[in-house]
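As they're listed, the protein sequences go chains V and L.
By my numbering, the letter at position 381 of the first sequence is numbered 381, and the numbering carries on one by one without gaps.
By my numbering, the letter at position 52 of the second sequence is numbered 1052, and the numbering carries on one by one without gaps.
Just so you know, even glycine gets a beta-carbon here, dropped at the ideal spot from N, CA and C.
Since the model is a prediction, treat every value here as computed from it, not as a measurement.
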Amino acid sequence: MENVGALALLLAFCISLYSIVASIVGRLKRKPFLTLSGERAVLAVWFLVSVASGILIYSLITGDYRMAYVASHTNRDMPVFYKFAAWWGGQEGSLLFWSWLLSTYGAVVVFTTRKGHRNLLPWVIGILSTVQLFFLTLNAFVVSPFQVLAVDKVVTSVADGMGLNPLLQYWAMVIHPPFLYLGYVGFAVPFAFAMASLIERAPGDSWIHTTRRWTLVTWLFQSTGVALGSAWAYHVLGWGGYWMWDPVENASILPWLAGTAFLHSVMMQEKKGMMKVWNMVLIATTFFLCIFGTFLTRSGIVSSVHAFAESPIGKYFVSFLALGIAATIWLILDRLQYLKSESELESVVSRESSFLFNNLILLASCFAVLWGTLFPVITEKLSNEKISLDAIWFNRLMVPIGLGLLFLTGVGPLFAWRRTSIDSLRRNFQLPGIGTLLVAAALFIGGMRYPYSIISLSLCFFVAATIIMEFFRGSRAISEKMHIGFIPSVIELTHRNTRRYGGYLVHMGIVLMFIGYSGHPFNQTAVGEVDKGDVMKVGAYTLRVMDLTEGDTPNYQWETAILDVSKNGNHIGTLEPTRRFYKAAQQATAIIALRTRLNEDLYINYAAHTGNKATLQAYVFPLVDWIWIGVLVLIGGTLVALVPSKVARSYARTEVVGVAAQKSIPVPEADRVTE
Amino acid sequence: MKRSFFLKRAVLLPIIVLIVIFAALAQTESEIESDDVKRVGTHIACQCGACQENVNCNMSSGQCHFCKPARTKIYKMQRAGMNDEQVIAGFISDYGKSIFRADPNSYFWMVPYLSLLAGGGLVWLILKRMRHGKPLTPAPAGPSIHDPVLEKYRSAIEHDTEKLD
């Protein structure tokens, strides 16, 4: 069975190579049948990688312990759900998963663009197949998931496997990697279209129109993946952290930040024909950060709490990144003349410049995260000194930048395209501005003394107020014109321009998340060793230990503390934090007990068992629920933005009143595209 | 009666003294999880060897076989009057220099913020350049229409495009 899997990967490798050659030669020599065979090769690669993946999944579920990967990442007593998740639980399997997703995306691209973009498609396929070839090289020759256990060249097997890391045996962790990977891999498609457009010297923005929805879906996957990872950390790790700036977490946020910058910046190109070079740079940066993130997770260059073990694949990633980045830079520089801006900036106080500043802050955040992630490595290389860089340091660095971004989230959308008049500025900012100052004053008078929290909550009010005003103004106009109620008019307004109002909802999601982050300085903690009958206090809560119980399952042993919880003397219920000890992995994990409310979470972790006593860690986390609500609003907003608008929008470009005095670039008649 | 009182006292006193000593020496969980202990703990690298596998294992709050005793040791050293440097020096003498983790230096702050400043300058230059772009030469003259009604519509369009999304 494993031989069939390995053979499928080898064949997929060969066919990927063929796909690259056939597509590119077919396009250069104008041989449509050759290009078509390149497209069909993509489908064949998808079939072969699916076969290999199917064999690996079958081996994981049936427990074929002759295979090294199966023995390392599953055991007999694991639920089937987690056996399936072991596909992406380890190095080799996750790389195969990457390949499978990329081949699936490739097949979808071939299917969806079968009737259009005939000139771009061969290059798109060539680029996607090159990326695929890289991952298949790793899968087939470097870290094969089909290696078998052997002693003196005789295949052997073990009685039971080591099991999946117990911390990963949690529902959010089962779906978190697929979402993140869907995001990582998905950015390959807009990148491929962008580069294909450059190679073909295709004028216009057809690659942007084609990949807009694709980029948004990919961004949605990545946002959801990052949020699921955050939720997993909060609910599983036992100390209530939802973001600890671990290198692997940073690896997931880097392309997200660059992708967010791209999603904003691309609007400048669509509506004004500006920032063409910049958009190419941004989409390439996003894609290479996806590859870099995968490299960071797997190379072992940074010490991470959830990196894969050190492996030889780091040098392959470095080579691929170096070649890819060099080729992209060359291509952009070579085609600069085709990326000239079609418009000029009319005023500094305009939507255009707000996009520039938005891009600046997003990329500055991206660079700061990258710098912080690599800082320990750089310092160690330069000074031979190891650095302790925990979340506190990162928060000090990132919070001011994050607040700047929040401010721009409120300000940016209120500027008009071309220029914003003083009257418009006053109309849009006067009320929210005064309200923001009042909120800040009220928080200070109310006793809040954390400057960042005051600024953050005030800015949240500002941004929320501007968004609500935008919805209110538009809806009122529709309501008066169509004589319909306010709620239907909000729906009508959103439906008329889903992209704009979906975007506002995404911004509202960000606001809600910042409300959640603002509660962080007010966290309260208590730790205690308790026995039956003991009492422990945290914040306004009193926890009385009613019982300490224990039990055994084939997969793990467990201990539970049954706690009677009261708040300000009033009984509010029972909580049961549990500690599990997984037998195969010989590792303990916490199943935390959580009482969740909009104002605060009571979070209890059964941390350890010493003698007859249980060590309990109790926390009160104010406002943390708003983070998860914000994520849901962000997802909802992105889905709204994906719905086609009721009113088809075509954006008039700036009127051409003249041609540049200097030499202009002639565009061949055949390549001219009507927008 | 009096003898029995002294006897009782002779027995009770050492017990009470022992209890007081133990109470003074015993570390409660909240003490070894204090901010003072964690502050020093961030400069000590966990030596359990399982950090790559175990996400819970970090020196400042981990529960592994190295972290917890190490935090207890930090607490005891602090109680004995040692400052942060002395506690860390104690760990270095026991485990070698590789156990030490330094705070990041000022480059950690400076580089991102200087980059942000440089980026701001660049954006300013771009804005300036975009505002004062290359001079335009008039396009070939097209048919010219002078119609007051058309002018009215043109100004309305101009007004609307200001608010254009």
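Proximal residues of chain V, C-beta to C-beta of residue i below 8 Å
{"i": "L:F1100", "result": "K386"}
Residues that residue i contacts on chain L, provided the C-beta gap is smaller than 9 Å
{"i": "V:F367", "result": "V1111, P1112, S1115, L1116 and G1119"}
{"i": "V:L389", "result": "R1101, D1103, P1104 and F1108"}
{"i": "V:G372", "result": "P1104, F1108 and P1112"}
{"i": "V:L360", "result": "L1116, G1119, G1120, L1122 and V1123"}
Test: residue i CB closer than 8 Å to a CB of chain L
{"i": "V:S701", "result": "The question about residue 701 of chain V has no answer, for chain V in this structure spans 1 to 675."}
{"i": "V:A261", "result": "no"}
{"i": "V:F486", "result": "no"}
{"i": "V:F676", "result": "Nothing about residue 676 of chain V can be reported from this structure: the residues present for chain V run from 1 to 675 only."}
{"i": "V:F357", "result": "yes"}
{"i": "V:W393", "result": "yes"}
{"i": "V:A364", "result": "yes"}
{"i": "V:F375", "result": "yes"}
{"i": "V:A6", "result": "no"}
Status (buried if at least 16 other CB within 10 Å, exposed otherwise) for residue i
{"i": "V:Q586", "result": "exposed"}
{"i": "V:Y82", "result": "buried"}
{"i": "V:H117", "result": "buried"}
{"i": "L:N1083", "result": "exposed"}
{"i": "V:F320", "result": "buried"}
{"i": "V:F355", "result": "buried"}
{"i": "V:M78", "result": "buried"}
{"i": "V:I434", "result": "exposed"}
{"i": "V:E249", "result": "buried"}
{"i": "L:D1160", "result": "exposed"}
{"i": "V:M268", "result": "buried"}
{"i": "V:H209", "result": "exposed"}
{"i": "V:G691", "result": "Since the displayed chain V opens at 1 and closes at 675, residue 691 of chain V lies outside it and no answer follows."}
{"i": "V:R298", "result": "buried"}
{"i": "V:A368", "result": "buried"}
{"i": "V:H176", "result": "buried"}
{"i": "L:D1103", "result": "exposed"}
{"i": "V:W239", "result": "buried"}
{"i": "L:Y1153", "result": "exposed"}
{"i": "V:G503", "result": "buried"}
{"i": "V:L167", "result": "buried"}
{"i": "V:A441", "result": "exposed"}
{"i": "L:Q1078", "result": "buried"}
{"i": "V:E385", "result": "exposed"}
Neighbour flag for residue i against chain V, beta carbons, 8 Å
{"i": "L:H1065", "result": "no"}
{"i": "L:T1042", "result": "yes"}
{"i": "L:D1036", "result": "no"}
{"i": "L:V1087", "result": "no"}
According to DSSP, residues forming a beta bridge with residue i
{"i": "V:R579", "result": "V:E559 and V:A590"}
{"i": "V:N3", "result": "Answer by DSSP bridge pairing: none, since V:N3 is not bridged."}
{"i": "V:Q617", "result": "V:V527 and V:N605"}
{"i": "V:A150", "result": "V:V155"}
{"i": "V:M67", "result": "V:V148"}
{"i": "V:L543", "result": "V:M536 and V:V565"}
{"i": "V:G551", "result": "V:W558"}
{"i": "L:I1044", "result": "L:F1100"}
{"i": "V:T610", "result": "V:K613"}
{"i": "V:T130", "result": "BP columns for V:T130 are empty, so no partner."}
{"i": "V:T574", "result": "V:D564"}
{"i": "V:E600", "result": "V:P622"}
{"i": "V:R678", "result": "This structure cannot settle anything about residue 678 of chain V, because the visible part of chain V is limited to 1 through 675."}
{"i": "V:I387", "result": "L:A1102"}
Listed by chain order, chain L residues near residue i by CB distance under 7 Å
{"i": "V:L414", "result": "The premise fails here: V:L414 is roughly 11 Å from chain L at the closest Cβ pair, so nothing lies under 7 Å."}
Per-residue contacts from residue i into chain L (C-beta, under 8 Å)
{"i": "V:L397", "result": "F1108, W1109 and P1112"}
The ligand GDP heavy atom lying under 7 Å from the CB of residue i
{"i": "V:V620", "result": "This structure lacks the ligand GDP, and indeed carries no ligand of any kind."}
What residues in the segment 271 to 301 of chain V have a beta carbon less than 7 Å from any beta carbon of chain L?
-> none
What residues in the segment 82 to 108 of chain V bring their beta carbon closer than 9 Å to a beta carbon of chain L?
-> none
Taking any Cβ of chain L, which residues in the segment 313 to 347 of chain V have a Cβ under 9 Å from it, in chain order?
-> S341, S343, E344, L345, E346 and S347
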